[in-house]
Every structure is written in C-alpha cells, then in structure tokens.
Amino acid sequence: MPLLERLKINGSGAAWNQPMGANGGEGPGADEWTSLSNAIGINVENHEGIDQIAGRGGPASALSPSSTRDEFLWGRITTIVPPDLIDALVRCYFTISHLLWPIIHAPTFMNSYLDPEHRKNPSFIALVLSICSLSSRYTPDARLRQTTSTGQILAFDIINLAKDVTQQAAAERSDLAIVQALFNLSVVQEGIARTNQVWSLLSQAVSIAMDMGLHRRKDEYGFTAVELEEQKRTLWALYCQAVAASCTYGRPSLLRLDDIQLDEPAAVDDVYISVEKGIGTQPPDRPSVMAGFVAGVRLHMILERTVRRVNRVIREVDESNLTFVDLVTSGQSRKFRITDELELLSHVTDGLVGDWSFSPSTVSDSDSVRFFQRTRVFTLQQFIRLLSARHAFTEFLGAAAASGGAAEEQALLQQTTQSALGIIGTYSIIDGQGRLDFFGAHAISQLTQAGAGLIGVILHVRSTSIQGGENVLSVALQGLCASILVLRKLGTRRPAGNRAAELLLEFSRACRITIPGLPENEPGAPPGTVEVPMLRALPRRSLSTSGHPQADLSQDQFDAWLGLALQSSGETWMGMPEGYTPEQGGWTPQQ
Numbered sequence: 001m002p003l004l005e006r007l008k009i010n011g012s013g014a015a016w017n018q019p020m021g022a023n024g025g026e027g028p029g030a031d032e033w034t035s036l037s038n039a040i041g042i043n044v045e046n047h048e049g050i051d052q053i054a055g056r057g058g059p060a061s062a063l064s065p066s067s068t069r070d071e072f073l074w075g076r077i078t079t080i081v082p083p084d085l086i087d088a089l090v091r092c093y094f095t096i097s098h099l100l101w102p103i104i105h106a107p108t109f110m111n112s113y114l115d116p117e118h119r120k121n122p123s124f125i126a127l128v129l130s131i132c133s134l135s136s137r138y139t140p141d142a143r144l145r146q147t148t149s150t151g152q153i154l155a156f157d158i159i160n161l162a163k164d165v166t167q168q169a170a171a172e173r174s175d176l177a178i179v180q181a182l183f184n185l186s187v188v189q190e191g192i193a194r195t196n197q198v199w200s201l202l203s204q205a206v207s208i209a210m211d212m213g214l215h216r217r218k219d220e221y222g223f224t225a226v227e228l229e230e231q232k233r234t235l236w237a238l239y240c241q242a243v244a245a246s247c248t249y250g251r252p253s254l255l256r257l258d259d260i261q262l263d264e265p266a267a268v269d270d271v272y273i274s275v276e277k278g279i280g281t282q283p284p285d286r287p288s289v290m291a292g293f294v295a296g297v298r299l300h301m302i303l304e305r306t307v308r309r310v311n312r313v314i315r316e317v318d319e320s321n322l323t324f325v326d327l328v329t330s331g332q333s334r335k336f337r338i339t340d341e342l343e344l345l346s347h348v349t350d351g352l353v354g355d356w357s358f359s360p361s362t363v364s365d366s367d368s369v370r371f372f373q374r375t376r377v378f379t380l381q382q383f384i385r386l387l388s389a390r391h392a393f394t395e396f397l398g399a400a401a402a403s404g405g406a407a408e409e410q411a412l413l414q415q416t417t418q419s420a421l422g423i424i425g426t427y428s429i430i431d432g433q434g435r436l437d438f439f440g441a442h443a444i445s446q447l448t449q450a451g452a453g454l455i456g457v458i459l460h461v462r463s464t465s466i467q468g469g470e471n472v473l474s475v476a477l478q479g480l481c482a483s484i485l486v487l488r489k490l491g492t493r494r495p496a497g498n499r500a501a502e503l504l505l506e507f508s509r510a511c512r513i514t515i516p517g518l519p520e521n522e523p524g525a526p527p528g529t530v531e532v533p534m535l536r537a538l539p540r541r542s543l544s545t546s547g548h549p550q551a552d553l554s555q556d557q558f559d560a561w562l563g564l565a566l567q568s569s570g571e572t573w574m575g576m577p578e579g580y581t582p583e584q585g586g587w588t589p590q591q
C-alpha cells in the first residue's frame, strides 16, 4: 500500500485579490463566486472571509511541503504570469471548473495556496498552474489575450508552462497533486482538440493513480476524511474523463468500473467536511456541488456500460475447432441485475438531496450551482438515450426482416431525434442566456454526437417513405443547423468546437445535405466542394471558421424544443399536431 504524504497545518494571512473583469474592474465571475461560497465554505462578502479558510486553526493541508523543494520555481513563474492574475485565475476556477470536477477540497487547497512553504513545492505549483490553465479559457482578463514574446497569447503560455512544470515534477515524484494536475491538463487539451495529448496525459494520470492505490479502499488506514474524499473525487473524476474520452474518440477506456474498489464520494459539500469533524450532513435545502458530481459519476457508469455494449465485438466461434482465444474468452455476455441501462437513469439521483427535475426555467436559474448540476444531469441522460437509440436503430436496419417494422422504425427515429433535440435545444438556450462558458469539452462531445445522430435521421428519412417524414426532416435539419452554430460559439474559446462543427458540416456536404440557416448556405455565398476531410487532417476551411452572430432563442421557442425532447407519444411526434409549422416548433436562425 503506497503511503501518501502526511498532512500539515499551515496558515497565512496573505492578501487575496478580488476577481477582475476585462477592464480591470470587478468581473461577472464575482456573482458566481458568491453563489459558490456556501458550497465550498468561503465567505467573500467581507474582508475577514479569508480567515475562515486560512486561519491558524483552519483545516489541515492536503499536501505537505515536499522534501524536494525548489526555492526559485514560483519566482520564475511570476515573471511570466503576474501574481494578481494567478489569484484571479484560481478564484475563477471555483466558479466554473470546480462545479464540473470538484477534485480538490476548497478550504484545504486555499489554506495551502496562501502558505509560502507550499510555493516551494513543485507538485503543488503544478496543480496551481493546471488550475490556471483551466480557468484561462473563461476568466475575463484582457491580459490573457495579449501576445507575449513567444508569439502566442498569454493563455497558451500558461498552458505550456503548466505542462512543462507538471511533466518535470511527475518525472521525479508521484503524489495526489500530480495526478490532479495531469487530470486538469487532459481536460484543457480536450478543449484544444489535441487528441494525442489528451490520451497521453490521461494515461499518465491513471498510471500514477494506480501506483498510489487510489483505486483501492483505505477506510482502515490512518487517512483523514479530507484526504479520503480528495482521493475518491480524483479517482472518480479520472474514471469519468476516461469513459467520456473513450466515447468521443472510439478507444477502449483506460479505467473501467471493474477496476475500482472505491465507494462513491460523499454527496456533501466542502464546508461540511473537515479534518476535525469528519464528514457532516448536507442540508436538504442547499444546492450541492458534490451531489451533482455524484450524479455525474453514476451517469458515467451507465455511459460506460452503454458504450461497451455498443462496441462489443461478437467473435464467431467454431465449436469443432476451438482456438486458445476461444477458450479464454467468455461465450456469453455479462448478466446484469437491470439488463436495460436506460432503466438505470431513473435511479441516478436516488439518495441525493435537492430537486433534480429539469424544466425550461432551469437554464435561467440565478443559482449557478443548481443551474449547472441539473443541466448536466439532464444533458448526460439525453446523451445516453441518444447513443442507445442510435445503436438500436443501426441493429434494426441491419436486421434481414422484421414483422411490424414500421412501428419500431418510427419509435427508434423518435427516440434518436428527441434525445438529439434535447441536447441541442438545451445548449442553444443556454447560449442565449450568456452562460455557455459553464460548459466545455463535454458539451462539444454531446453536441457532435447529437448532430451526427440527426444526420443519420435525415439520410434515412430522405431515402425511405415513412409517416410524417417531412416533419421529421424539417425539424432534424433545424436541429443540425443549431448544433453547428452552438459548436462554433463554443469554438471561440475551445478549438475543439470549431473542429466538431467542421466535421458535421463536411459530412453533411459529403452526403449532399443542404442545411438552411447556415451563413455559407445563404443566397450569394460561394458553394463548398464535397470532400471527406474527417478521414484525414486537412487545413480548416475559411468559410466554416468565419464568425457569425448566434441568434438567440426565445423562451417560447425553447419550450417547443424541450417539449419535443420530452414527449413520449409516437403519434404526436411523427404526425405533429394540427396547425404545426416548423417555424412554430423549431428554431430558425435570424438572417
């Protein structure tokens, strides 16, 4: 059993900088920061709030100063990144990235951050820089967009610096902070669309985590509640990222549920967890960051099962001439207590505090924790439904013959289209609310798969004659257009969004699908040639990367989107209500 470093109580009264706006004033991150304060145990409404997290009697540090110290590393970093900017980046991290991946215990981390001794620890510095890399994508500070002496903007310099420091530290030692830094950088690289780096960083993080025994239960060892929870959170975050990357890029997952012996992390926010008192109780009336994370972990468990079923290869076995591989492998699929993974979706929020129902008003909820967690759970559920429906539809089309196939065909088309519209419509209205920065690579993956599913629906409806086919075709085209536009909007800060939008656009061109509403399809725009560049790396098209204003969705339009995504009546979907027009029930971009 590998031993982790002991905790050390440290405190400092160092000053803390307020989050900055683009012009140096207080930015919009301050509101989100305040809404997070209840969950992570930090009160920013008074000057004495820092004492709650960094006082002399505060929680113990999760990372002791290392025996391998570097007295000058922090000083070299601050010559590249101003200290006040580092403060702002760390603070903004807790407003967005911490909602998605709460791998650190906020009071403990802040206590360490303000301790000068920890700024001599390469592992802790690597973690801080990885946090800065994540938040550099949405922190409204103009300095991040300025070109430096390297010829790049400062945000990219921070990412490169974080990679260098992390790799150097990882080559010399293994600890929890290194695993967390590698995980954060894998999330950053996914947004930049550097697939090889995603897998390299993720595999390194998983390898070190396994070496440290993070995947094993340690309840009988002398770890504090804070240590145990951070270890659990980090390992489960690695699991989720590995499953999501496997789904996105089509590779086997680096970490499977069968490899993990841990319980779920506690659905209790940081303010109720301490070294002295252990794990407390989450009040039922408070939006919970950790409850949302636990729900996300459960959904990724279902996602792994779905992906493994979809990608399962059935070997043809000659019973009269068995090979050694035939003897080793199982002849039957694994038996589950609940055979259909879609039935598990209703159990995702079992035992978690709060109301998890999703409605159009959720995306405009002023509480950022409640907004983000409900939206995340809803879109992940729709994503799993989409993958399951697409696979079922593929199996249906591959069947030689089926009695009563028309009804099954309509049901599968309905499920695929509804799930895709549920994802696309949700992110579209979030964009209209100006809150798209809460979502990153996971949203890009979901939107891409939703668009691909709609392309499949369009091709099938166009080549066959089914009841209500024209209505389905019209709505699917509008959904495909919306997915490309939202991906481009995400691509303004995450290149993976532009890459995914190009993929959908070029595949549509290759399939001779004209998408109304896109700027390149407007009258007078030069026609694009039909190629299949997604099969190999090619330079981006200037037309597909040009900026174009995103039309906002009204509340009524989003209600129609969500209604389509949530209805269960096949007759309503395929036949459409009397008097329905695409303009009433869909989304039409403004010209």
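Positions 1 to 591 (UniProt numbering) are the ones given, in order, by the sequence shown.
Glycine is no exception: its CB is placed at the ideal position from the N, C-alpha and C atoms.
Original post:
Across which residues does DSSP place G278 in a beta bridge pair?
Top reply: S274
Original post:
Which full runs of the beta strand (DSSP E) of 3+ residues lie inside the stretch 340-397, going along the chain?
Top reply: none
Subject >> C-beta contact flag for S135 and C92 at 7 Å >> reply: yes
Original post:
Distance, Cα to Cα, T362 vs R286?
Top reply: 16 Å
Original post:
Under 7 Å, do A420 and G479 count as touching if we go by C-beta distance?
Top reply: yes
Original post:
Residues in its own chain within less than 7 Å of S97 by CB, not counting five upstream and five downstream?
Top reply: L134, S135
Subject >> Burial state of T426 (16 or more Cβ within 10 Å) >> reply: buried
Subject >> For G497 and K489, the rounded distance between their alpha carbons >> reply: 7 Å
**OP:** Can you give me the start and stop residues for the alpha helix (DSSP H) that Q241 sits inside?
**Re:** 225-249
Original post:
Hey, quick one: how far does the alpha helix (DSSP H) through Q449 stretch, first residue to last?
Top reply: 441-463
Original post:
Does the count of Cβ pairs from the stretch 77-92 and the stretch 198-214 closer than 8 Å reach three?
Top reply: no
Original post:
Expressed to the nearest angstrom, what Euclidean distance is found between the alpha-carbon atoms of Y221 and L386?
Top reply: 42 Å
Original post:
Rounded to the nearest angstrom, how far is the Cβ of I515 from that of L477, given a contact under 8 Å?
Top reply: 6 Å
Original post:
Among residues of its own chain, excluding the 5 on either side of D365, which ones have a beta-carbon nearer than 8 Å to its beta-carbon?
Top reply: F371, R374
Original post:
A266 to Q197, Cα distance in whole Å?
Top reply: 31 Å
**OP:** Determine, using beta-carbon pairs with one atom in the stretch 118-130 and one in the stretch 292-312, whether at least three such pairs fall under 8 Å.
**Re:** no
**OP:** Give the C-beta separation of V187 and L299 to the nearest angstrom, bearing in mind that I take them to be a contact with Cβ-Cβ under 8 Å.
**Re:** The pair is not a contact, with the Cβ atoms about 17 Å apart (cut-off 8 Å).
Subject >> Within 7 Å, strictly: CB atoms of I384 and L303 >> reply: yes
Original post:
What is the rounded straight-line gap between the Cα of Q282 and the Cα of G491?
Top reply: 37 Å
Original post:
Over what stretch of residues does the alpha helix (DSSP H) that includes residue 608 continue unbroken?
Top reply: Past the boundaries of the shown model lies residue 608; the chain is included only from 1 to 591, so the question cannot be answered.
Original post:
Between which two residues does the alpha helix (DSSP H) containing N160 stretch?
Top reply: 154-172
Original post:
Below 7 Å between beta carbons: does that hold for L238 and L255?
Top reply: yes
Subject >> Opening and closing residue of the alpha helix (DSSP H) in which R76 lies >> reply: 73-78
**OP:** May I ask you to list the residues that DSSP assigns as paired with T147?
**Re:** I153
**OP:** Give me the Cα-Cα distance between L100 and Q168, rounded to the nearest whole angstrom.
**Re:** 27 Å
**OP:** Assign R216 to one of three DSSP states: helix, strand, or coil.
**Re:** coil
Original post:
Nearest to L154 by CA position, among L127, A142, G398, V165, is which residue?
Top reply: A142
Original post:
Does the distance from the C-beta atom of A126 to that of A171 stay below 7 Å?
Top reply: no
**OP:** State the Cα-Cα distance for the pair A389 and K277, rounded to the nearest angstrom.
**Re:** 47 Å
**OP:** Please name the residue, chosen from D270, D87, H391, V289, that lies closest to L342 on a Cα-to-Cα basis.
**Re:** H391
**OP:** May I ask you to report which of helix, strand or coil DSSP gives C511?
**Re:** coil
**OP:** Quick one: grab the DSSP three-state call for S569.
**Re:** Confidence at S569 is low in this model, with a pLDDT of 39, below 50, so the placement of that residue should be treated as unreliable; the coordinate-derived value is given next. Coil, per DSSP.
Original post:
What residue does the alpha helix (DSSP H) around F293 start on, and which one ends it?
Top reply: 289-310
**OP:** Drop a sphere of 10 angstroms on the beta-carbon of Y113, count the other beta-carbons inside from all chains shown, and report buried for 16 or more, exposed for fewer.
**Re:** buried
Original post:
Rounded to the nearest angstrom, how far is the Cβ of S483 from that of L447, given a contact under 8 Å?
Top reply: 5 Å
Original post:
So, helix, strand or coil for D70, using DSSP?
Top reply: coil
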